[in-house]
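Q: Each residue of the sequence shown is one higher than the last, beginning at 1 in UniProt numbering.
If you scroll down you'll find the structure; I have some questions about it.
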Amino acid sequence: MVKSYFYVLLCKDDSLYGGYTTNLSRRLSQHSAGVGAKYTRPQSRRPVKLLFAQTYPSKSLAMQAEYAFKQLTRPKKEAFLGQKGVRIPFDRRRKSVIRDEEE
């Protein structure tokens with residue numbers, strides 16, 4: 001069985017994009033070139049930065065992870081990423097940041 005990945009990108013406009021793929025490096029190249037998902041195609045969202053990726057044994061499990069992530073509100077997405085040890089850079093528009101536990 002082919003491994004699949006659930007991944008989260010930070011877009012240039014500070015939005016978060018979650019997706020799944022069986023070839024992470026190829027998919028990141030597609031997003032960066034503006035030929036990935038419709039969401040990441042506009043120049044205003046590129047470049048994108050990989051924040052998080054997790055391997056799953058099947059496509060269906062990766063798709064379930066993507067769906068669950070996309071149902072979350074922005075604060076809950078940030079909390080999910082924080083639990084995974086991902087720090088999101090400060091966003092001037094939202095005036096929020098995930099803080100390290102020692103802060």
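We put the CB at the ideal spot given by N, CA and C, even for glycine.
Would the beta-carbon of Ser15 fall within 7 Å of that of Lys59?
A: As a first step, residue 15 is located in the sequence shown; it is residue number 15 there, counting from the start. As a first step, residue 59 is located in the sequence shown; it is residue number 59 there, counting from the start. Going by C-beta atoms, Ser15 is not nearer than 7 Å to Lys59.
Q: Who are the near neighbours of Gly18 in its chain, counting only those whose CB is closer than 6 Å to its CB and skipping five residues on each side?
A: Residue 18 sits at position 18 when you count from the first residue of the sequence shown. Taken in chain order, the residues that qualify are Val8, Glu66, Phe69 and Lys70.
Q: Specify the secondary structure class of Lys38 as computed by DSSP and reduced to three states.
A: Translated into positions along the sequence shown, residue 38 becomes position 38. Three-state result, Lys38: helix.
Q: Using the Cα positions of Ser44 and Met63, report the straight-line distance between them to the nearest angstrom.
A: Within the sequence shown, numbered from 1, the residue matching residue 44 stands at position 44. Within the sequence shown, numbered from 1, the residue matching residue 63 stands at position 63. Approximately 26 Å, taken between the alpha carbons.
Q: Given a threshold of 16 other Cβ atoms within 10 Å of its Cβ, counted over all protein chains shown, does Gly36 qualify as buried or as exposed?
A: Taking the sequence shown and counting its residues from 1, one reaches residue 36 at position 36. Result: buried.
Q: Ignoring anything shorter than 4 residues or poking outside the UniProt domain "GIY-YIG" (2-79), list the alpha helix (DSSP H) runs there in chain order.
A: Listed in chain order, they are 24-33 and 59-71.
Q: What whole-angstrom Cβ distance do Leu10 and Leu72 have, given they're in contact under 8 Å?
A: Taking the sequence shown and counting its residues from 1, the one referred to as residue 10 is at position 10. Taking the sequence shown and counting its residues from 1, the one referred to as residue 72 is at position 72. Leu10 to Leu72, Cβ: 15 Å. No contact.
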